[in-house]
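Listed in order, the protein sequences are those of chains A and B.
Just so we're aligned: the first sequence equals residues 5 to 274 in my numbering.
Just so we're aligned: the second sequence equals residues 40 to 375 in my numbering.
For glycine and all other residues, C-beta sits at the position ideal for the given N, C-alpha and C.
One structure below.
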Amino acid sequence: MSEATRTRPATTAAAESPWLVMAEQELRDLWLSGRGLAVMLAHTTLLSITTYLIATNQELNFLEQREAVALTVQVTVAVGGLLVVLVAADAVSGERERGTLETLLLTPVPRRSLLIGKGVAAMSLWFGAFLLALPYLWWIGRDVGTFGSAAAGTFLAGTLLALFLTGVGLLVTTFSQSNGLSLALSFFLLLGLYAPHQLPAEASRGWAGETLLKLDPFTSALLYLERLVINAHTLTQDLPLLVVPALAAAGILTLALALAGRLSLLPRSG
Amino acid sequence: MDVITGGTGQVAGGTRPQTGPALETHGLTRSYGARVAVDSVELLVERGVVLGLLGPNGAGKTTLIRMLSTVLRCDAGSFRVAGVAHTDPVRIRRAVGVLPESAGYPRGQTCEEWLTLHARLFGVRRRDARALAARLLGEVGLEDRRRSLIAGLSRGMRQRLGIARALVNDPEVVFLDEPTLGLDPFGQRQVLDLVTRIAREHGVTVVLSTHVLDEVEQICDRVVILNRGRVVADGTMAEVVRRAAAPREGRLEVPADHRARALDTLAAHHVPAEPGANGHLGMVRLELPGDVAPEDSSAAALRCLLDAGVPVLGFSVEGGRLSDAFLRVTRGDGDE
Chain A
5 MSEATRTRPA TTAAAESPWL VMAEQELRDL WLSGRGLAVM LAHTTLLSIT
55 TYLIATNQEL NFLEQREAVA LTVQVTVAVG GLLVVLVAAD AVSGERERGT
105 LETLLLTPVP RRSLLIGKGV AAMSLWFGAF LLALPYLWWI GRDVGTFGSA
155 AAGTFLAGTL LALFLTGVGL LVTTFSQSNG LSLALSFFLL LGLYAPHQLP
205 AEASRGWAGE TLLKLDPFTS ALLYLERLVI NAHTLTQDLP LLVVPALAAA
255 GILTLALALA GRLSLLPRSG
Chain B
40 MDVITGGTGQ VAGGTRPQTG PALETHGLTR SYGARVAVDS VELLVERGVV
90 LGLLGPNGAG KTTLIRMLST VLRCDAGSFR VAGVAHTDPV RIRRAVGVLP
140 ESAGYPRGQT CEEWLTLHAR LFGVRRRDAR ALAARLLGEV GLEDRRRSLI
190 AGLSRGMRQR LGIARALVND PEVVFLDEPT LGLDPFGQRQ VLDLVTRIAR
240 EHGVTVVLST HVLDEVEQIC DRVVILNRGR VVADGTMAEV VRRAAAPREG
290 RLEVPADHRA RALDTLAAHH VPAEPGANGH LGMVRLELPG DVAPEDSSAA
340 ALRCLLDAGV PVLGFSVEGG RLSDAFLRVT RGDGDE
């Protein structure tokens with residue numbers, strides 16, 4: 005063996021951030037393996053069916069055009085959120101079950117960087133879902149001029165929700181005993197967060213009902229989008245409604261990253 | 040505590056500092072609930088050694104390796120790997136390479152992609168990482184599989200790929216946890232040859248955990264046997280066999296009409312003996328003490344027979360192998 009192979013490989017502390025290296029690989033795994041593209045295809049199919057129904061179905065056809073745009077926005081946010089939370093929930097527990105976590109933990113990369121890299125990949129699904137929704141938003145709202153505000157509002161509110169759900173998924177996956185548990189728990193948490201938005205109107209009346217709705221990041225964000233699209237509010241008019249999603253996203257991501265040091269091969273032992 | 044010193048794999052030059060032992064543990068302990076997996080382990084392993092880490096299933100080998108590679112925390116005790124204290128896990132990870140037991144592989148990545156990723160995670164620049172990956176694939180005989188998906192590799196190839204990954208950071212200590220598990224004899228041979236070559240050419244300390252005692256006898260300088268989380272044997276192969284005092288079996292052949300006299304003579308000299316099986320009337324089996332060199336105990340037994348005028352037609356000694364010592368010190372313990 006030559007001397008070159010015996011000396012340490014050229015390393016550099018500043019050239020590449022480990023989270024960027026991790027994120028790049030995760031993005032490649034997600035998008036080039038076809039997984040990301042497959043779910044985007046499913047998302048497109050869903051949006052196409054929704055749009056088709058809005059255009060042809062008699063009941064849905066009675067929707068105001070703004071309401072139709074709002075429905076598409078809701079579908080985009082819900083599907084994007086679902087994809088994000090499922091990918092984030094698989095991030096650690098999936099690697100653990102596939103036996104690939106140990107080799108990652110054997111690198112000198114901080115656990116936090118591993119989680120950030122995986123979180124970036126999960127977030128990319130939201131951005132993909134959002135980009136795919138743009139032509140539909142434009143087509144459905146072409147006569148009422150809502151495209152610009154709907155797109156900007158969806159991006160803003162949806163990104164906050166996606167960040168929040170990434171944090172939820174990463175937190176759950178870090179400490180889950182199994183990948184199935186992690187995915188199930190994250191999915192039901194998502195449903196639980198979405199539930200208040202589906203409550204009947206009577207339930208949201210009164211001080212308690214309004215408080216509940218405003219404290220739920222999903223409901224707040226969707227309320228913001230409804231007012232933006234249906235009531236033609238400006239982007240900044242209802243910004244206080246995004247305070248809860250923003251705080252929730254910041255809080256859960258901070259918590260997930262703060263607890264990243266406890267990420268271990270065996271979830272309850274370290 | 041025994042000091043295990045270098046054998047075949049003396050450190051070969053290089054730019055890294057070479058001070059202190061490769062491994063040093065003091066009272067290293069780890070439990071899973073009420074079960075103590077590793078119990079107050081004391082080890083001192085000098086650099087350049089190929090150390091066989093043996094033990095029955097559940098003896099604590101994998102837990103010990105995971106602690107030493109900082110993947111698991113210890114409950115008590117301390118250790119140093121390549122001179123780095125356990126309180127600095129990041130530096131330890133930079134100094135060790137590990138092939139984990141039953142390691143998983145990302146099936147959708149190519150061999151080159153996976154090695155490049157790991158090299159980059161160790162801080163190697165992208166271009167250098169790719170070159171390093173190519174070189175390591177060549178070293179483990181997978182140069183023609185650079186662009187192959189890992190999913191398409193055989194188990195033996197994956198193990199060799201895993202060994203290549205364990206070398207991406209040019210480690211000072213390499214832990215190989217059951218590297219030949221599930222491989223056919225040809226695959227086992229390839230992996231063992233590779234381990235031997237790595238130890239020789241990279242000049243690293245290798246800790247080889249295995250159940251296959253033949254492997255240890257072939258390539259290891261020293262051996263540590265764990266049982267129920269404790270070190271029950273530690274030293275060179277000869278030392279371990281001698282300390283285990285595993286009795287050897289002597290096979291004596293005498294004329295059939297002299298067998299009874301031979302048995303009486305051996306009994307008179309306190310050498311346990313019994314008639315041999317298989318209907319051979321001239322065979323005698325005798326038990327030789329394990330804590331005495333076999334040539335000495337055999338000579339003593341033969342001398343008393345010859346002095347008594349018993350003709351000896353043949354004599355052979357069996358046992359005294361690592362497997363005998365292993366069974367002796369572990370008493371067949373294990374979780375299976």
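query	result
Local conformation of B/His308 per DSSP, three classes	coil
A/Met5 in three-state terms, based on DSSP	Below a pLDDT of 50, predicted positions are generally treated as unreliable, and A/Met5, at 40, falls in that range; the measurement from the model is reported next regardless. Residue state, collapsed to three classes: coil.
A/Ile234 in three-state terms, based on DSSP	coil
Host alpha helix (DSSP H) of B/Ser337 (start-end)	Pro333 to Asp346
Beta-carbon separation (whole angstroms), B/Val246 vs B/Ile104, contact threshold 8 Å	7 Å
Residue interval of the alpha helix (DSSP H) (run including A/Ala82)	Gln69 to Asp94
Within 7 Å of chain B by C-beta, residues of the region 20 to 36 of chain A in sequence order	Glu20, Pro22, Val25, Gln29 and Asp33
A/Val124 and A/Ala27 closer than 8 Å at C-beta	yes
The region 175 to 192 of chain A / the region 90 to 106 of chain A touching (three or more Cβ pairs under 8 Å)	yes
Reduced DSSP category for B/Asn266 - H, G, I as helix; E, B as strand; rest coil	strand
Whether B/Val255 touches B/Val262 by CB criterion (8 Å)	yes
Uninterrupted alpha helix (DSSP H) stretches inside the region 152 to 222 of chain A (no shorter than 4 residues)	183 to 198 and 210 to 219
Exposure label - B/Asn208; buried when at least 16 CB within 10 Å	buried
Test: A/Leu269 CB closer than 8 Å to a CB of chain B	yes
Contacts that B/Val137 makes with chain A (C-beta to C-beta distance below 9 Å)	Glu106, Thr107 and Leu110
Reduced DSSP secondary structure (H/G/I, E/B, other) of A/Ala126	helix
Within chain A, partners of B/His157 - CB distance below 8 Å	Thr107 and Thr111
Run of the beta strand (DSSP E) containing B/Arg287, from where it starts to where it stops	Arg287 to Glu292
Spatial neighbours of B/Pro128 in its chain, beta-carbon cut-off 7 Å, leaving aside the 5 residues before and after	Thr109
Unbroken beta strand (DSSP E) run spanning B/Leu215, endpoints	Val212 to Asp216
C-beta contact flag for B/Leu188 and B/Arg146 at 8 Å	yes
Burial state of A/Ile58 (16 or more Cβ within 10 Å)	buried
Euclidean distance between Cα positions of B/Val212 and A/Leu217	57 Å
Span of the alpha helix (DSSP H), counted from its first residue to its last, around A/His47	Arg39 to Thr60
Within chain A, partners of B/Val110 - CB distance below 7 Å	Glu106, Leu109, Leu110 and Leu269
Chain-ordered residues of the region 57 to 84 of chain B with a beta carbon less than 8 Å from chain A	Tyr71
Beta-carbon neighbours of B/Ala142, restricted to chain A and to distances below 9 Å	Gly103, Thr104, Glu106 and Thr107
Check whether B/Arg290 and B/Glu357 have beta carbons under 8 Å apart	yes
Runs of alpha helix (DSSP H) wholly within the region 108 to 151 of chain B (minimum 4 residues, chain order)	128 to 134
Within 8 Å, strictly: CB atoms of A/Ala155 and A/Leu87	no
Identity of the residue in B/Arg166, B/Ile258, B/Pro328 and B/Arg69 nearest B/Gly87 by Cα	B/Ile258
Host beta strand (DSSP E) of B/Gly74 (start-end)	Checking the sequence shown, residue 74 of chain B turns out to be Arg, not Gly. Arg74 to Val84 is the span of the beta strand (DSSP E), which, as asked, contains B/Arg74.
Below-8 Å beta-carbon distance, B/Gly147 vs any chain A residue	yes
B/Ser329 vs B/Arg360 beta-carbon contact at 8 Å	Here the sequence assigns Gly to residue 329 of chain B, which means Ser is not the residue at that position. No, the Cβ-Cβ distance between B/Gly329 and B/Arg360 is not below 8 Å.
Sequence-distant residues of the same chain with beta carbon closer than 7 Å to A/Gly255, five excluded per side	none
Own chain residues within Cβ distance below 6 Å of B/Ala205, not counting five before or after	Gly136, Val137, Leu138 and Val213
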